[in-house]
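Enquirer: Structure incoming, see below.
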Amino acid sequence: MSLILLIEQVLNGLQLGVMLFLMAAGLTLVFGVMGLINLAHGSLYMIGAFAAAAVAGATGSFLLALVAALAAAAAAGAIVELVVIRRLYDRDHLDQVLATFALILIFSEGTRYIFGSFPLYLSIPDYLSGPVSLPGGIQYPLYRLTLIGIGLAVAVGLFLLISRTRLGVQIRAGEADREMVAALGVDISKLYTIVFALGAALAGLAGALVGTIQSVQVGMGEPVLILAFVVIVIGGIGSIKGALIGALLVGLTDTLGGVLLPELFKLFMDASSASSTGSALASMLIYLLMAAVLFWKPKGLFGGAA
0 MSLILLIEQV LNGLQLGVML FLMAAGLTLV FGVMGLINLA HGSLYMIGAF
50 AAAAVAGATG SFLLALVAAL AAAAAAGAIV ELVVIRRLYD RDHLDQVLAT
100 FALILIFSEG TRYIFGSFPL YLSIPDYLSG PVSLPGGIQY PLYRLTLIGI
150 GLAVAVGLFL LISRTRLGVQ IRAGEADREM VAALGVDISK LYTIVFALGA
200 ALAGLAGALV GTIQSVQVGM GEPVLILAFV VIVIGGIGSI KGALIGALLV
250 GLTDTLGGVL LPELFKLFMD ASSASSTGSA LASMLIYLLM AAVLFWKPKG
300 LFGGAA
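Going by numbering that gives the first Met the number 0, the first residue of the sequence shown is number 0, and it counts up by one from there.
See below:
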């Protein structure tokens, strides 16, 4: 494997990682602050992607599509929190799982009813299309570099929000002791709605950004949700820093494993067998990584940290 190909795959892993971070950050906020298992988080990712595709198709503006994705996912998250989730905070985790699984079915069938069963396509805008020249003669898609930049910018913004703002103080306090926060006069119900809507908006943004790379279709959020759960288990539940580090580890492990393992097995077997065996083992790497981290640190890399 050439050095240029290896660097390109590292960049692909970073791009996958920052997109997983957008999903995992909202998920870990909701679970850390509210103690809620939200299986419907992937549906909010899907809503953002469909809203972006619909608005981009109607207006031709990618920026308006991103705004629509943020607004639609945040609004859907706020409504879900007010109507359904608010009734589940004091319930058993099994009740939360069953209720949010029901939300997956409702969102999937509702999206299919509105947009149909056929996938939609979201085009990369002209000003972000084409490759960009990097040092060493590497040609890499400008759009994927933009995704990396957006994801890292959102990470910085979340760190500042959590550590430097009044809302961030309330979020961290609510995670530590929600009863005490309520006793001090903070409207805990409003805080929960804001946190849930923020997490939903991040998921919707991720769906819109990835929608230009893959087709926008019903059920697209569930595979990403599984990876997001892996991320927060590795990084530590409730930790934004852990979500970022865990997402980057998962993105790089998944991408580089899919490239390096087939090359490694070519040393011992024919090309076709090496490719199939390497690809099969590569799909297991992120779960082996999760098992190794949990064996070393059962609460994740940054469990309990902001």
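For every residue, glycine included, the Cβ atom is placed at its ideal position computed from N, Cα and C.
Using beta-carbon positions only, say whether Leu146 and Met22 come within less than 8 Å of one another.
Expert: Cβ distance not < 8 Å, so Leu146 and Met22 don't count as in contact.
Enquirer: When you compare only the Cα positions, how much space is there between Met33 and Gln138?
Expert: The straight-line gap from Cα to Cα measures roughly 44 Å.
Enquirer: Could you check where the beta strand (DSSP E) with Gln138 kicks off and where it finishes?
Expert: Here the beta strand (DSSP E) through Gln138 covers Ile137 to Pro140.
Enquirer: State the Cα-Cα distance for the pair Ala196 and Ile285, rounded to the nearest angstrom.
Expert: One C-alpha to the other measures close to 29 Å.
Enquirer: Identify whether Ser132 lies in helix, strand or coil by the three-state DSSP scheme.
Expert: Strand.
Enquirer: Going by beta carbon distance, what residues of the same chain come within less than 8 Å of Ala24, once the five residues before and after it are set aside?
Expert: These residues qualify, in order along the chain: Val153, Ala154, Leu157, Gly198, Leu201, Ile239, Ala242 and Leu243.
Enquirer: By the three-class DSSP mapping on this structure, what secondary structure does Val83 have?
Expert: DSSP places Val83 in coil when its eight states are reduced to three.
Enquirer: Whether or not the region 52–67 and the region 1–20 are in contact is what I'm after, with contact meaning three or more pairs of Cβ atoms, one per stretch, closer than 8 Å; do they touch?
Expert: Touching, no, given that fewer than three Cβ pairs across the two stretches are closer than 8 Å.
Enquirer: Report the CB separation of Ile46 from Ala77 in whole angstroms; it is logged as a contact under 8 Å.
Expert: That belief does not hold up - the Cβ atoms of Ile46 and Ala77 are roughly 12 Å apart, past 8 Å.
Enquirer: With distances taken between CB atoms, is the gap from Gly235 to Gly299 smaller than 8 Å?
Expert: A contact, by the Cβ cut-off of 8 Å.
Enquirer: What are the start and end residues of each continuous alpha helix (DSSP H) run of 4 or more residues lying completely inside the region 47–120, in chain order?
Expert: If we require 4 residues or more, the alpha helix (DSSP H) runs fully inside the region 47–120 come out as 61–82 and 92–114.
Enquirer: Is it true that the region 97–107 meets the region 244–255, where meeting means three or more beta-carbon pairs spaced less than 8 Å apart?
Expert: Verdict: no, contact absent.
Enquirer: I'd like to confirm the pairing. Which residues does DSSP put opposite Val215 in its beta bridges?
Expert: BP columns for Val215 point to Leu119.
Enquirer: Alpha carbon to alpha carbon, what distance is there between Ala281 and Met289?
Expert: One C-alpha to the other measures close to 14 Å.
Enquirer: So what's Asn37 in DSSP terms, helix, strand or just coil?
Expert: Correct three-state label for Asn37: coil.
Enquirer: Mind checking whether the beta-carbon of Gly167 lies closer than 7 Å to any heavy atom of the ligand GTP?
Expert: This structure simply doesn't include the ligand GTP, nor any ligand for that matter.
Enquirer: To the nearest angstrom, report how far apart Pro261 and Leu5 are at their CA atoms.
Expert: Computed Cα separation, rounded: 14 Å.
Enquirer: Taking the beta carbon of Tyr126 as the centre, do at least 16 other beta carbons fall within 10 Å, making it buried, or is it exposed?
Expert: Exposed is the call here.
Enquirer: Is it true that the CB of Gly203 sits closer than 8 Å to the CB of Leu35?
Expert: The answer is no: Cβ separation not under 8 Å.
Enquirer: Identify the continuous alpha helix (DSSP H) that holds Lys265 and give its terminal residues.
Expert: Per DSSP, Lys265 belongs to no alpha helix (DSSP H) and is neither H nor E.
Enquirer: Note down, in chain order, each residue of its chain lying with its Cβ closer than 6 Å to the Cβ of Ala246, except the 5 sequence neighbours on either side.
Expert: Counting only Cβ-Cβ distances below 6 Å, and skipping sequence neighbours, we find Gly16, Leu19, Phe20, Ala23 and Val230.
Enquirer: Grouping DSSP H, G and I as helix and E and B as strand, with all else coil, what is Ile285?
Expert: Note: Ile285 maps to helix in three-state DSSP.
Enquirer: Between which two residues does the alpha helix (DSSP H) carrying Pro222 extend?
Expert: Run containing Pro222: Gly220 to Gly234, per the alpha helix (DSSP H) assignment.
Enquirer: Are the CB atoms of Ser116 and Val217 nearer to each other than 8 Å?
Expert: Contact flag set, yes.
Enquirer: In this structure, how does DSSP classify Asp164 when only helix, strand and coil are distinguished?
Expert: The sequence given here places Thr at residue 164; Asp does not occur at that position. Three-state result, Thr164: coil.
Enquirer: In this structure, does DSSP put Val185 in helix, strand or coil?
Expert: Reduced to three states, the DSSP call for Val185 is coil.
Enquirer: So, under 8 Å CB-CB, Val232 and Leu190 are touching, yes? Tell me the CB distance rounded to an integer number of Å.
Expert: In fact, because the Cβ distance is near 25 Å, the residues do not count as touching under 8 Å.
Enquirer: Check each candidate in Pro118, Val83 and Gln169 and name the one with the smallest Cα separation from Ala52.
Expert: Nearest option by C-alpha distance: Pro118.
Enquirer: Out of curiosity, what's the CA-to-CA distance linking Tyr112 and Leu263?
Expert: If I take the Cα positions, the gap works out to 47 Å.
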